[in-house]
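For reference, the structure discussed in these notes is given below.
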Amino acid sequence: MDLINEDLIITESELTDKKEIIIMMANLIKKNGRLSDLGTFVKEVLKRESLGSTAVGHGVGIPHGKTDAVKVPTIAFIKTKEYVKWGNDEDDLVNLIFMIAVPESVGSNEHLKILANLSKKLINDDFRNSLLITNDKEKINNILQSVFG
Numbered sequence: 001m002d003l004i005n006e007d008l009i010i011t012e013s014e015l016t017d018k019k020e021i022i023i024m025m026a027n028l029i030k031k032n033g034r035l036s037d038l039g040t041f042v043k044e045v046l047k048r049e050s051l052g053s054t055a056v057g058h059g060v061g062i063p064h065g066k067t068d069a070v071k072v073p074t075i076a077f078i079k080t081k082e083y084v085k086w087g088n089d090e091d092d093l094v095n096l097i098f099m100i101a102v103p104e105s106v107g108s109n110e111h112l113k114i115l116a117n118l119s120k121k122l123i124n125d126d127f128r129n130s131l132l133i134t135n136d137k138e139k140i141n142n143i144l145q146s147v148f149g
C-alpha cells in the first residue's frame with residue numbers, strides 16, 4: 001500500500017484554522033481505511049503540536065502522530081489557498097501541509113525515514129514550487145510518489 005494516494009490529497013483548501021486542518025486531514029486518513037480511531041490519532045497529533053510548532057520553514061508544516069490507532073504508515077497532503085498561522089513565530093505561516101501517520105508498532109525508524117525523505121525534498125525550491133503551481137491531484141500524487149514510492 002502506497003504511503004499516499006490521490007484520496008489523501010486536498011488542494012485549494014479555504015480552511016485557515018490549524019486545528020480544523022489537522023482534523024480534516026485525520027478524517028481523510030480515516031476515510032481511506034488507514035485509521036481505526038480518529039479521536040486517538042487527532043489527540044496524539046495535537047499533543048505533539050503542543051510541544052512545539054511543526055512548521056519547518058518555506059511555508060511547510062509537518063504535523064505527525066505515532067499511535068496504534070494508525071493501521072499503516074500514511075501521508076496526507078493539503079494545500080491551502082491562504083497561509084495559515086501554524087505556530088507563534090512569523091515564520092510559522094504554512095500553506096503546504098503534510099500529515100504523517102505511523103503505527104506505534106512500527107517503531108521510530110519508519111517515522112524518521114519518512115520525515116527524513118520529505119525534509120530532504122522540501123529544502124529544494126523547485127520541489128516546493130512544483131507543488132505550488134498545480135492543483136491537479138494526479139500530478140501532486142506523482143510528485144509525492146517520487147519521494148515515497
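Under UniProt numbering, the first residue of the sequence shown is numbered 1, with each subsequent residue one higher. Glycine included, C-beta positions come from ideal geometry on N, C-alpha and C. Values in this document were obtained by computation on a predicted structure and should not be read as measured data.
Measuring alpha carbon to alpha carbon, tell me which of Asp-126, Val-70, Val-147 and Ile-62 ends up nearest residue 156. Here the chain comprises residues numbered 1 to 149, so residue 156 is not present and cannot be evaluated.
So what does DSSP say about Glu-49, is it helix, strand or coil? One-based indexing of the sequence shown puts residue 49 at position 49. Helix at Glu-49.
Whole-angstrom distance between Asn-32 and Ser-50, CA atom to CA atom: On the sequence shown, position 50 is the one that residue 50 refers to. On the sequence shown, position 32 is the one that residue 32 refers to. Roughly 26 Å between the two C-alpha positions.
Please list, in chain order, all residues of the same chain as Glu-6 whose beta carbon is under 7 Å from its beta carbon, the five residues on each side excluded. Residue mapping note: residue 6 aligns to position 6 of the sequence shown, counting from 1. So the qualifying residues of the chain are Lys-137, Glu-138 and Asn-141.
Curious, which full-length beta strand (DSSP E) runs of at least 3 residues does the region 75-140 contain? Complete beta strand (DSSP E) runs here, min 3: 93-102.
Comparing the CB of Glu-49 with every heavy atom of the ligand PLP, is any distance shorter than 8 Å? The ligand PLP is absent from the structure shown, which contains no ligand whatsoever.
CB Lys-36 to CB Lys-66, shorter than 9 Å? Taking the first residue of the sequence shown as position 1, residue 36 is located at position 36. Taking the first residue of the sequence shown as position 1, residue 66 is located at position 66. The sequence given here has Ser at residue 36, not Lys. No, the pair does not count as a contact, with Cβ atoms beyond the cut-off.
Do Ile-9 and Ala-76 have their beta-carbon atoms positioned less than 9 Å apart in this structure? Reading the sequence shown from its first residue, position 76 is the one you call residue 76. Reading the sequence shown from its first residue, position 9 is the one you call residue 9. Ile-9 is positioned such that its CB atom lies closer than 9 Å to that of Ala-76.
Cut-off 6 Å between Cβ atoms - residues of its own chain near Gly-87, not counting five sequence neighbours on either side: Here residue 87 is taken as the residue at index 87 of the sequence shown, counted from 1. Within the same chain, Gly-87 has close Cβ partners Ser-53 and Ala-55.
When you compare the CB positions of Pro-73 and Leu-122, do they come within less than 9 Å of one another, or not? For the purposes of this step, residue 73 is taken as the residue at position 73 of the sequence shown. For the purposes of this step, residue 122 is taken as the residue at position 122 of the sequence shown. Not in contact: Pro-73 and Leu-122 (Cβ atoms no closer than 9 Å).
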